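Visitor: My structure is below; once you've seen it, I'll send some questions.
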Amino acid sequence: MRTTPLAGAALCLALAAGCNSSVPELDGEAAPIGAASPSAAGASSAPRSAAPSSPAPATTTTAPAAPSVIGPFGVGALKLGMNRKQAEATGLITKWVASAPAGCSVTAHLRDRDRNPGDADVDGDEGNIFYSKERGIQAIDAHVGLHTPEGIKLGSSLDQVKTAYPDWWDADADADAEGNGQDLVDVPGNPRAVYQIAINEFTVVHLALHVRQQDCFE
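As numbered in mature numbering (1 follows the signal peptide of the UniProt record, and there is no 0), residues -21 to -1, 1 to 197 make up the sequence shown, in order.
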């Protein structure tokens, strides 16, 4: 009785079944151990798309920095003698309006005056600009926040004025006693200009930079 071939055949069938159940069949091409599969290699070699660039920031227009000094030639970029277009180009003034003083056709005022409105102790002319058609800007009135290179400003004392400008003298005979007066004084560094300084109760209430031979007012 020949049983060996049958047993061998059964053993082969068992081994074949065992091999088929323990080794799963994989799709795709074979690759060496440690090598990336074709699909993985393709994914890694594909170029990355660049991140979208950020939009350029919007440009903003900034107002010129507010000047703090009046004199010897003007206020910041605004100078005595400028014509209207030159003055407007500085960005420091408001629109021109009709002028009351004889000799000056129009006036404007410094934009920064609105941020420094002053107080009840000054005379109400702060930051005004007087323009003559024939001679350009003739006078610039100081506002709170402006001072001369020598340190005089609205609110300075009479003693401070006399220390800064020894040639300043009071127009009124009793000015020293009453603390009131008004006069012109030379502008150091600019022989073509003067400061007009008015004092009330020992305190500066008006300060202006004028062309020496201005034709706007007396």
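We put the beta carbon where it would ideally sit given N, CA and C, even for glycine.
Bear in mind that the values here come from a model prediction, so they are computed numbers and not experimental data.
Classify residue 177 as helix, strand or coil using the three-state DSSP reduction.
Guide: Translated into positions along the sequence shown, residue 177 becomes position 198. Strand, per DSSP.
Visitor: Helix, strand or coil for residue 189, going by three-state DSSP, please let me know.
Guide: On the sequence shown, position 210 is the one that residue 189 refers to. Note: residue 189 maps to strand in three-state DSSP.
Visitor: How close, in whole Å, do the beta carbons of residue 76 and residue 86 come, if the pair is a contact with beta carbons under 8 Å?
Guide: To locate residue 76, count along the sequence shown from 1; it is residue 97. To locate residue 86, count along the sequence shown from 1; it is residue 107. That pair is a contact at about 6 Å.
Visitor: Could you please give the first and the last residue of the uninterrupted alpha helix (DSSP H) stretch that includes residue 138?
Guide: Position 159 of the sequence shown, counted from the start, is the residue given in the question as residue 138. Run containing residue 138: 137 to 143, per the alpha helix (DSSP H) assignment.
Visitor: Ends of the alpha helix (DSSP H) at residue 68?
Guide: Residue 68 sits at position 89 when you count from the first residue of the sequence shown. Its alpha helix (DSSP H) spans residues 63 to 68.
Visitor: If you drop the 5 nearest sequence neighbours on each side, which residues of the same chain put their C-beta closer than 8 Å to that of residue 146?
Guide: By one-based count along the sequence shown, residue 146 stands at place 167. Excluding positions up to five away in sequence, the list reads 164, 165.
Visitor: Which first and last residues belong to the beta strand (DSSP E) in which residue 87 is found?
Guide: One-based indexing of the sequence shown puts residue 87 at position 108. Counting along the chain, the beta strand (DSSP E) containing residue 87 begins and ends at 85 to 88.
Visitor: Helix, strand or coil: how does DSSP classify residue 165 here?
Guide: On the sequence shown, position 186 is the one that residue 165 refers to. Correct three-state label for residue 165: strand.
Visitor: Spatial neighbours of residue 120 within its chain, please: CB distance less than 7 Å, with the 5 preceding and 5 following residues excluded, ordered by chain position.
Guide: The residue you call residue 120 lines up with position 141 of the sequence shown. Answer for residue 120: 104, 105, 106, 107, 187, listed in chain order.
Visitor: Where does residue 118 fall in DSSP's three states?
Guide: Sequence index remark: in the sequence shown, residue 118 carries index 139 (1-based). Residue state, collapsed to three classes: strand.
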